[in-house]
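Q: The structure follows.
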Amino acid sequence: MSMMEPPNAPTTEEVRNALYKVLGPRIMNCYELKQVNGQRKLEYRARLNMPPPAEGCEVFVGRLPRDLYEDELVPPFLQVGPIYEVRMMMNFSGTNRGFAFVSYFDRETARKAIKKLDNYPIRWGHSIGVLQSINNKRLYFGNLPPGKEWKTQLLSFLKENTEGVTQVVVRAQRGCSNAIVTYSSHRAAAMARRALIPIKDYVFGPSCLVDWADPAV
Numbered sequence: 001m002s003m004m005e006p007p008n009a010p011t012t013e014e015v016r017n018a019l020y021k022v023l024g025p026r027i028m029n030c031y032e033l034k035q036v037n038g039q040r041k042l043e044y045r046a047r048l049n050m051p052p053p054a055e056g057c058e059v060f061v062g063r064l065p066r067d068l069y070e071d072e073l074v075p076p077f078l079q080v081g082p083i084y085e086v087r088m089m090m091n092f093s094g095t096n097r098g099f100a101f102v103s104y105f106d107r108e109t110a111r112k113a114i115k116k117l118d119n120y121p122i123r124w125g126h127s128i129g130v131l132q133s134i135n136n137k138r139l140y141f142g143n144l145p146p147g148k149e150w151k152t153q154l155l156s157f158l159k160e161n162t163e164g165v166t167q168v169v170v171r172a173q174r175g176c177s178n179a180i181v182t183y184s185s186h187r188a189a190a191m192a193r194r195a196l197i198p199i200k201d202y203v204f205g206p207s208c209l210v211d212w213a214d215p216a217v
């Protein structure tokens, strides 16, 4: 067991019960907590009857203690305004990965959350970082072996094995090639990244890197 990961992480049901205690049934009855593909989601129940929030309504929350869960994270963000969704990134052990995403119903509330909660002391001596979430739709493929027509091969392989590919740009360099692959949405890119990382050495070579592309590039 890693020294960085505390034992006996709570189950989703235990976190749900803790949320009921801190938020009360009136608020919690409006939300559903569930684990989905490496993340735990607290979702507004009536979301299916309304359009999703516009871009700019989500904030990124970093520097989370690994043994912190929704019962500590949600209350300060809920004080800023009504929450549409919370996504906490989880390890297989049940601890968090150090970051989460909080979506509000409008951009103004998201901006207020950044202003009020960036460097907020979530625990004694431990402050969190809150900033605008970047809706990254691009993956970076680095150190692709030379001697192949990577644009054609990547496009064919990724369209067959992932969903939402819209563009493949390959840049040849001395001794290798790099590629930027654009997907139709952040979710499509995230699902592709999750599927590709375990098989990248076999498909693209042992030196290949698959990760998020730099949003600034």
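Read in the UniProt record's numbering, the sequence shown has 153 at position 153, and its numbers run on one by one without any break.
Glycine included, every Cβ here is placed at the ideal spot set by N, Cα and C.
Let's see if you can read the secondary structure: which residues bound the alpha helix (DSSP H) around A110?
A: For the purposes of this step, residue 110 is taken as residue 110 along the sequence shown, with counting starting at 1. Looking at the DSSP string, the run of the alpha helix (DSSP H) that includes A110 is 107-117.
Q: I need the straight-line Cα distance from A100 to G164, nearest angstrom please.
A: By one-based count along the sequence shown, residue 100 stands at place 100. By one-based count along the sequence shown, residue 164 stands at place 164. Each residue's alpha carbon lies about 24 Å from the other.
Q: What are the boundary residues of the beta strand (DSSP E) that W150 is part of?
A: On the sequence shown, position 150 is the one that residue 150 refers to. Note, W150: premise wrong, no beta strand (DSSP E); alpha helix (DSSP H) at 150-161.
Q: Quick check: is the beta carbon of V74 nearer than 9 Å to any beta carbon in chain B?
A: Absent from the structure: chain B. Only one protein chain is present.
Q: Given a threshold of 16 other Cβ atoms within 10 Å of its Cβ, counted over all protein chains shown, does V54 qualify as buried or as exposed?
A: Counting from one through the sequence shown, the residue named residue 54 turns up at place 54. One detail in the question is off: residue 54 reads as Ala in this sequence, not Val. By the 10 Å Cβ count, A54 comes out exposed.
Q: Count the other CB atoms within 10 Å of the CB of I83; is the residue buried (16 or more) or exposed (fewer)?
A: For the purposes of this step, residue 83 is taken as the residue at position 83 of the sequence shown. I83 comes out buried.
Q: Tell me whether F92 is buried or exposed, calling it buried when 16 or more other Cβ atoms sit within 10 Å of its Cβ.
A: Position 92 of the sequence shown holds residue 92. Exposed: under 16 other Cβ atoms inside 10 Å.
Q: Quick one: grab the DSSP three-state call for Y202.
A: For the purposes of this step, residue 202 is taken as residue 202 along the sequence shown, with counting starting at 1. Helix.
Q: Could you tell me whether the Cβ atoms of Y140 and D67 are closer together than 9 Å?
A: The count along the sequence shown starts at 1 and reaches residue 140 at position 140. The count along the sequence shown starts at 1 and reaches residue 67 at position 67. No, the Cβ-Cβ distance between Y140 and D67 is not below 9 Å.
Q: Taking C-alpha atoms, which residue in I128, D71, M89 lies nearest to E14?
A: On the sequence shown, residue 14 is found 14 positions in, with the first residue counted as 1. It is D71.
Q: With a 10 Å radius around its C-beta and 16 neighbouring C-beta atoms as the bar for buried, classify G94 as buried or exposed.
A: What you label residue 94 is simply residue 94 of the sequence shown in a count that begins at 1. So G94 ends up on the buried side.
Q: Tell me, which residues are paired with V15 by DSSP?
A: Locating residue 15 in the sequence shown gives position 15, counting from the first residue. Paired residues: none, contrary to the question.
Q: For K151, I'd like the list of residues in its chain whose CB is within less than 6 Å of its CB, leaving aside the five on either flank, ordered along the chain.
A: Numbered from 1 along the sequence shown, position 151 holds the residue referred to as residue 151. The answer, listed in chain order, is V168, V170.
Q: Measure the C-alpha to C-alpha separation of M1 and N96 and round it to an integer number of angstroms.
A: Indexing the sequence shown from 1 puts residue 1 at position 1. Indexing the sequence shown from 1 puts residue 96 at position 96. Only weak support exists for where M1 lies, its pLDDT of 38 falling under 50; the value from the coordinates is given anyway. Approximately 15 Å, taken between the alpha carbons.
Q: When you compare only the Cα positions, how much space is there between V59 and R40?
A: In the sequence shown, residue 59 corresponds to position 59, counting from 1. In the sequence shown, residue 40 corresponds to position 40, counting from 1. So the alpha carbons of these two residues sit roughly 16 Å apart.
Q: Going by beta carbon distance, what residues of the same chain come within less than 7 Å of I180, once the five residues before and after it are set aside?
A: Stepping through the sequence shown from its first residue, residue 180 is reached at position 180. Closer than 7 Å at the Cβ level, and outside the excluded window around I180, lie R138, Y140, V169, A213.
Q: In chain order, what residues of the same chain have a beta carbon less than 6 Å from the beta carbon of M4, not counting five sequence neighbours either side?
A: Residue 4 sits at position 4 when you count from the first residue of the sequence shown. Here the model assigns M4 a pLDDT of 46, short of 50, so the residue's position is not dependable and the matter cannot be decided.
Q: P145 and S207: beta carbons closer than 9 Å?
A: Taking the first residue of the sequence shown as 1, we reach residue 145 at position 145. Taking the first residue of the sequence shown as 1, we reach residue 207 at position 207. For P145 and S207, yes; Cβs fall inside 9 Å.
Q: Taking Cβ positions, are residue 219 and L19 nearer each other than 9 Å?
A: Since the first residue of the chain shown is 1 and the last is 217, residue 219 is not available in this structure.
Q: Buried or exposed: T11, going by 16 or more other Cβ atoms within 10 Å of its Cβ?
A: On the sequence shown, position 11 is the one that residue 11 refers to. Its Cβ having fewer than 16 others within 10 Å, T11 is exposed.
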